[in-house]
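Chemist: At position 259 of the sequence shown the residue is numbered 258 (numbering that gives the first Met the number 0), and the sequence of numbers has no breaks.
I'd like to ask you about the structure that follows.
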Amino acid sequence: MFPKKPPMGFNTWNTFGENISADMIKQTADAMVEKGLVDAGYEYLVIDDCWSKRRRDPETDRIVPDPVKFPNGMKDVSDYVHAKGMKFGMYSCAGVRTCADYPGSFDHEYLDAKTFADYGADFLKYDYCYKPENADGPLLYRKMSMALRSSGRDIMLSACNWGCDDVHKWIRSTGAGMYRSTGDICDNFVSFRDIFLSQLDNFVYSAPGCFNDIDMLTVGMYSQGNVGSTGCTDTEYRLQFSLWCMFAAPLMLGCDVRKINDVTLKLVTNKHLLRINQDEEGRPPFIAKHDGNNQKNIYVRVLSDNQLAIMCTNFTDRDHRAWLPLENIGVPVNVGKGLRLFNVFTGEDEGVCKESLFTQVGAHDCAVYLAEICDA
Ligand code: GLA
């Protein structure tokens, strides 16, 4: 499975943790269709950790779904998700146990890949807890990638080794379609800011085929659920979602989409932000204006169809007047050219700017534009 664009979907972990069930998954699938999330492109519904019994079946050695959470097994859930027009994701771990202490796939890669194929899985998130000390991490991802390729189903490998072993340098060669590059997100501003900043030098490795996954979104969680912390303001969620879009990160919703509010729904279905995230060329942004400690950087990304995306960030606690001399992006003052700006949040044209772009950016907020070079 070669993802041409950053994968989009929903994952159970951020809100539900171990409190998952067939009913909860089916209700989520229903909600994703009813609220237009599937139409907007959110196609994967991924069950994270805690779906199985604590022990493998002693006779078959297979992982066994928890009979209380999934009384009719996983194929039943998968069929339901597929009938809704979505793809189905499962979870396992490269170590001997998963992070929440359920059976991992170490030394069972081929059997488990076959099991996931039998379930009708299209996606496998593959975690890194309880890896035997002497086992080679990259080889474990190669092994599961090969096992999936031999399973008879097209299943995308979503690696999750949290950035260990300089993962960005070798993960594409394993055949994985995306890879977690950081530790776990919590639902607060500092957490997503630091996760994002930790990858500033690595986004150039993220491209069609294998995308840098900076973790499931906490957008719309408002402190509720498994990784709920202090929560974020709507402004901070808008900053988080815009960063993920700008840097072509996979967009895996982590809030309870059955209860998603209008503000969140509007944000995560903003077609201009999604257009940036899903740009077919998948080029990395560059820092067009650097402020020293990366708190107020301005990023520019070259998109397809002669467009640009511009994002002015403000991680500080005060309003900030952002200033981008167009010279910084290769548009000098003396050539009679400027940028036509379209504000992705308001959906309004903001005319043509010449020489410099100025904009006011609130604390923990951002401004995002689609732009085109034009005569000025
Ligand atoms: C790790 C991963 C998380 C989640 C949990 C499940 O911490 O990084 O995303 O999958 O395991 O236990």
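The C-beta atom is built at its ideal place from N, Cα and C for all residues, glycine as well.
To which residues of the same chain is R375 closer than 7 Å at the C-beta, ignoring the five residues directly before and after it?
Modeler: Your numbering for residue 375 matches position 376 in the sequence shown. Note on residue identity: the sequence assigns Ala, not Arg, to residue 375. Within the same chain, A375 has close Cβ partners G335, K336, G337, V351, K353.
Chemist: How should C163 be labelled, buried or exposed, when 16 other C-beta atoms within 10 angstroms of its C-beta is the threshold for buried?
Modeler: One-based indexing of the sequence shown puts residue 163 at position 164. The residue in question, C163, is exposed, as its Cβ has fewer than 16 Cβ neighbours within 10 Å.
Chemist: If you compare alpha carbons, which of D100, L147, G136, N133 is closest to L123?
Modeler: Within the sequence shown, residue 123 is the residue found at index 124, counting from 1. The option with the nearest alpha carbon to L123 is L147.
Chemist: Would you decide whether A158 is buried or exposed? Buried here means 16 or more other CB atoms lie within 10 Å of its CB.
Modeler: Start at 1 with the first residue of the sequence shown, and residue 158 comes out as number 159. It counts as buried.
Chemist: Any heavy atom of the ligand GLA inside 6 Å of the beta-carbon of C163?
Modeler: In the sequence shown, the residue the question calls residue 163 occupies position 164. Checking every heavy atom of the ligand GLA against the Cβ of C163, none is found closer than 6 Å.
Chemist: What residue does the beta strand (DSSP E) around W322 start on, and which one ends it?
Modeler: Taking the first residue of the sequence shown as 1, we reach residue 322 at position 323. Where W322 is concerned, the enclosing beta strand (DSSP E) stretches over 319-324.
Chemist: Spell out a yes or no on whether the region 33-48 and the region 283-295 are touching, meaning 3 or more CB-CB pairs, one atom from each, closer than 8 Å.
Modeler: Not touching, per the Cβ criterion.
Chemist: Return the chain-ordered ranges of every beta strand (DSSP E) run that is complete within the region 225-276 and spans a minimum of 3 residues.
Modeler: 250-252, all fully within the region 225-276.
Chemist: How about C98: is its Cβ closer than 6 Å to a heavy atom in the ligand GLA?
Modeler: Translated into the one-based positions of the sequence shown, residue 98 becomes position 99. Yes; taking the cut-off as 6 Å, the Cβ of C98 has a heavy atom of the ligand GLA nearer than that.
Chemist: What residue does the alpha helix (DSSP H) around M31 start on, and which one ends it?
Modeler: For the purposes of this step, residue 31 is taken as residue 32 along the sequence shown, with counting starting at 1. Start and end: 21-33.
Chemist: Pick from L139, R339, S241: whose alpha carbon is nearest that of N275?
Modeler: If you number the sequence shown from 1, residue 275 lands on position 276. The sequence given here has Ile at residue 275, not Asn. Nearest option by C-alpha distance: S241.
Chemist: If contacts are defined as beta-carbon pairs under 8 Å, then T234 and G361 qualify, I think. What distance do you get, rounded to the angstrom?
Modeler: Mapped onto the sequence shown, residue 234 falls at position 235. Mapped onto the sequence shown, residue 361 falls at position 362. Contact flag correct, Cβ pair sits at about 7 Å.
Chemist: Regarding D212 and the ligand GLA, is the C-beta to nearest heavy atom distance less than 6 Å?
Modeler: Here residue 212 corresponds to residue number 213 of the sequence shown, with the count starting at 1. For the ligand GLA, not one heavy atom lies less than 6 Å from the Cβ of D212.
Chemist: Are there any heavy atoms of the ligand GLA lying less than 6 Å away from the beta-carbon of W169, as far as the coordinates show?
Modeler: On the sequence shown, residue 169 is found 170 positions in, with the first residue counted as 1. Result no, Cβ not under 6 Å from the ligand GLA.
Chemist: Are the beta-carbon atoms belonging to M7 and G176 less than 7 Å from one another?
Modeler: The residue given as residue 7 occupies position 8 in the sequence shown. The residue given as residue 176 occupies position 177 in the sequence shown. No; because the gap between Cβ atoms is not below 7 Å, this pair is not in contact.
Chemist: Report the CB separation of W161 from R179 in whole angstroms; it is logged as a contact under 8 Å.
Modeler: The residue you call residue 161 lines up with position 162 of the sequence shown. The residue you call residue 179 lines up with position 180 of the sequence shown. Yes, W161 and R179 are in contact; Cβ-Cβ is about 6 Å, under 8 Å.
Chemist: Name the DSSP bridge partner or partners of N313?
Modeler: Position 314 of the sequence shown, counted from the start, is the residue given in the question as residue 313. DSSP output for N313 lists D364 as bridge partner(s).
Chemist: Does the Cβ of D47 lie closer than 6 Å to at least one heavy atom of the ligand GLA?
Modeler: Here residue 47 is taken as the residue at index 48 of the sequence shown, counted from 1. Answer for D47: yes, Cβ within range of the ligand GLA.
Chemist: Under the rule that 16 or more other beta-carbon atoms within 10 Å means buried, what is F285, buried or exposed?
Modeler: Counted from its first residue, the sequence shown places residue 285 at position 286. The residue is exposed, with fewer than 16 neighbouring Cβ atoms inside 10 Å.
Chemist: Rounded to whole angstroms, how far is the Cβ of A248 from the Cβ of D212, which I believe are closer than 8 Å?
Modeler: Mapped onto the sequence shown, residue 248 falls at position 249. Mapped onto the sequence shown, residue 212 falls at position 213. The Cβ separation is near 6 Å, so the contact holds.
Chemist: How big is the Cα-Cα spacing for P70 and E33?
Modeler: Locating residue 70 in the sequence shown gives position 71, counting from the first residue. Locating residue 33 in the sequence shown gives position 34, counting from the first residue. For P70 and E33, the distance between alpha carbons rounds to 25 Å.
Chemist: Kindly give me the distance between the Cβ atoms of A120 and M89, rounded to whole angstroms, as I take these residues to be in contact under 8 Å.
Modeler: If you number the sequence shown from 1, residue 120 lands on position 121. If you number the sequence shown from 1, residue 89 lands on position 90. Yes, A120 and M89 are in contact; Cβ-Cβ is about 4 Å, under 8 Å.
Chemist: May I ask you to list the residues that DSSP assigns as paired with L369?
Modeler: As a working note, residue 369 is residue 370 in the sequence shown. Per DSSP, A308, F341.
Chemist: Let me know the secondary structure DSSP gives G350 once reduced to three states.
Modeler: The residue you call residue 350 lines up with position 351 of the sequence shown. Strand.
Chemist: Secondary structure at G8, three-state DSSP: helix, strand or coil?
Modeler: Looking up residue 8 in the sequence shown gives position 9. Strand, per DSSP.
Chemist: Decide if N305 is buried, meaning its Cβ has at least 16 other Cβ atoms within 10 Å, or exposed.
Modeler: Here residue 305 is taken as the residue at index 306 of the sequence shown, counted from 1. The residue is exposed, with fewer than 16 neighbouring Cβ atoms inside 10 Å.
Chemist: Answer yes or no: do F9 and V330 have a C-beta to C-beta separation smaller than 7 Å?
Modeler: Looking up residue 9 in the sequence shown gives position 10. Looking up residue 330 in the sequence shown gives position 331. Not closer than 7 Å, so no.
Chemist: Buried or exposed: where does N313 fall if 16 or more other Cβ atoms within 10 Å of its Cβ makes it buried?
Modeler: Here residue 313 refers to the residue found at position 314 of the sequence shown. Per the 10 Å Cβ criterion, buried.
Chemist: Excluding the 5 residues preceding and the 5 following K74 in the sequence, name in chain order all residues of the same chain whose CB lies nearer than 8 Å to its CB.
Modeler: Indexing the sequence shown from 1 puts residue 74 at position 75. Here the set comprises D117, Y118, G119.
Chemist: Give the range of the alpha helix (DSSP H) segment to which V189 is assigned.
Modeler: Taking the first residue of the sequence shown as position 1, residue 189 is located at position 190. First-last of the alpha helix (DSSP H) with V189: 188-197.
Chemist: Whole alpha helix (DSSP H) runs in the region 125-167 with 4 or more residues, listed along the chain?
Modeler: As far as the region 125-167 is concerned, its whole alpha helix (DSSP H) runs of at least 4 residues are 136-148.
Chemist: For the ligand GLA, is there a heavy atom less than 6 Å away from the beta-carbon of W12?
Modeler: Indexing the sequence shown from 1 puts residue 12 at position 13. Checking every heavy atom of the ligand GLA against the Cβ of W12, one is found closer than 6 Å.
Chemist: Three-state secondary structure (DSSP) at M89?
Modeler: For this step, residue 89 is matched to residue 90 along the sequence shown. The answer is strand: DSSP assigns M89 an E or B state.
Chemist: Looking at D126 and the ligand GLA, is the gap between the Cβ and the nearest heavy atom below 6 Å?
Modeler: If you number the sequence shown from 1, residue 126 lands on position 127. It does: the Cβ of D126 is within 6 Å (strictly closer) of some heavy atom of the ligand GLA.
Chemist: Considering only the alpha carbon of each residue, which of A21, L196, V218, L156 lies closest to L250?
Modeler: Counting from one through the sequence shown, the residue named residue 250 turns up at place 251. Checked all of A21, L196, V218, L156; the closest Cα to L250 is V218.
Chemist: Once you ignore the five residues that flank K113 on each side, which residues in its own chain have a CB closer than 6 Å to its CB?
Modeler: Along the sequence shown, read from residue 1 onward, the residue named residue 113 stands at position 114. So the list reads S150, once near-sequence residues are dropped.
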